[in-house]
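Encoded as structure tokens, the structure appears first; notes follow it.
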Amino acid sequence: MFETLSDRLTSVFSSLRGKGRLSEEDINATSREIRLALLEADVALPVVREFISRIKERARGEEVSKALNPAQQVIKIVNEELVEILGGETRQVRFAKNPPTVIMLAGLQGAGKTTLAGKLAKWLSADRNTPLLVAADLQRPNAVTQLQVVGERASTPVFAPEPGNGQGDPVEVARASIEHARHNNHNVVIIDTAGRLGVDSEMMQQAADIRDAVSPDEILFVVDAMIGQDAVNTAQAFLDGVGYDAVALTKLDGDARGGAALSIRHITGRPIMFASTGEKLEDFDLFHPDRMASRILD
Ligand code: GDP
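Be aware that the sequence shown starts at 1, since it is given in full-length UniProt numbering, and climbs by one per residue.
Dropping the structure here:
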């Protein structure tokens with residue numbers, strides 16, 4: 001992830017080495033190169049435009065610093081603007097005043113929702129929470145079993161319709177899970193919802209119905225960083241169809257070019273809260289914009 005972007009930016013900065021100060025020409029040439037690097041990394045055009053205009057403005061306005069050479073000055077500006085575009089501060093989980101805190105996951109099939117549910121449960125448990133996983137994906141025959149496997153690995157109980165009870169109604173399951181959590185001292189409920197391969201109005205409606213039934217404290221949109229530009233379109237569709245508070249980016253361990261990570265916050269106005277970086281339950285943490293920016297500029 002970000003390898004190409006990283007390499008491109010490194011070479012942009014190295015072309016500024018040895019310069020005494022930044023000329024207008026340097027600023028223009030550098031901005032052009034950064035623009036190309038971002039576009040090549042699949043960053044959405046409006047985001048690239050905004051980014052470049054801020055870089056230019058700041059590079060022009062920058063006080064001539066004795067401590068930093070031009071290359072270092074540009075790196076500093078790009079770093080700060082990357083942190084900004086990635087969301088600035090790390091977004092923490094907002095716990096409900098009256099437990100259980102209800103966290104609902106939404107996203108396309110294959111985005112990594114079920115895996116993320118387990119990761120989140122394990123991560124929360126490490127902090128002395130007592131989560132309950134809820135199988136509200138009753139569309140795929142295997143989904144409930146898959147969540148049970150994940151629950152076992154995360155040492156977290158799973159609330160699911162009784163076998164033999166037919167398909168069950170995901171809205172009812174979600175509603176009943178809250179009662180169950182209250183009676184069994186689970187302070188967090190993590191609801192895994194059904195996804196489909198593409199954006200689909202029935203799927204959106206079901207997620208919206210679950211949302212209305214349980215009033216989640218956090219709705220997380222789970223999206224695969226590997227799907228590039230499509231991540232932004234899907235993010236927008238879920239924002240319109242279901243709405244969400246924050247984004248969980250998955251498969252950041254892959255060789256995605258990084259456009260999704262860099263675009264989604266700006267396009268949706270929602271922060272990236274979690275980063276998933278592998279198939280193992282430990283491959284998961286809060287998303288830290290400053291660390292991600294450093295990785296890109298490393
Ligand atoms: P769901 O359909 O949204 O519930 O997606 P799943 O949780 O079933 O995940 C789909 C596939 O992606 C599975 O094979 C997971 O093991 C894999 N997966 C999930 N998260 C990650 C991740 O962060 N990195 C990698 N490499 N694979 C992941």
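All C-beta atoms in this analysis are idealised placements derived from N, C-alpha and C, irrespective of residue type, glycine included. Just so it is clear, the structure is predicted and the values come from calculations on it, not from any experiment.
In this structure, the alpha-carbon of I103 lies about 24 angstroms from that of L262. Counting C-beta atoms within 10 angstroms of its own C-beta, G112 has 16 or more neighbours from the protein chains shown and is therefore classed as buried. Relative to the ligand GDP, even the nearest heavy atom lies 8 angstroms or more away from the CB of A181. The alpha-carbon separation between R17 and N69 amounts to approximately 8 angstroms. No Cβ-Cβ contact shorter than 9 angstroms links K122 with E279. A residue is called buried once 16 or more other Cβ atoms fall within 10 Å of its Cβ, and L82 is buried on that count. As DSSP reads the structure, I103 sits in a beta bridge with I190, E218. Within the same chain, Cβ atoms closer than 7 angstroms to the Cβ of I52 are found at S31, I34, R35, the five residues on either side in sequence being excluded.
Placement of the Cβ of L68 at a distance of 8 angstroms or more from every heavy atom of the ligand GDP is found. Distances from the CB of Q146 to the heavy atoms of the ligand GDP include at least one below 8 angstroms.
Looking at H183, P157, N79, the one whose alpha-carbon comes closest to that of P99 is H183. Look at E279: its beta carbon is less than 8 angstroms from one of the heavy atoms in the ligand GDP. Among the bridge pairs identified by DSSP, A275 is matched with L249, D285. Taking a cut-off of 8 angstroms for Cβ pairs, the segment 219 to 237 and the segment 6 to 14 do not touch, as fewer than three such pairs fall below it. Judged by DSSP in its simplified three-state form, D137 adopts coil rather than helix or strand. When Cβ pairs closer than 8 angstroms are counted between the two stretches, the segment 72 to 90 is seen not to touch the segment 116 to 132, the count staying below three.
The distance from the Cβ of Y244 to that of A117 is about 15 angstroms, inconsistent with a contact at the 8 angstroms cut-off.
Shown here for V47: same chain residues with a beta carbon closer than 6 angstroms to its own, the five before and five after excluded, namely S263, H266 in chain order.
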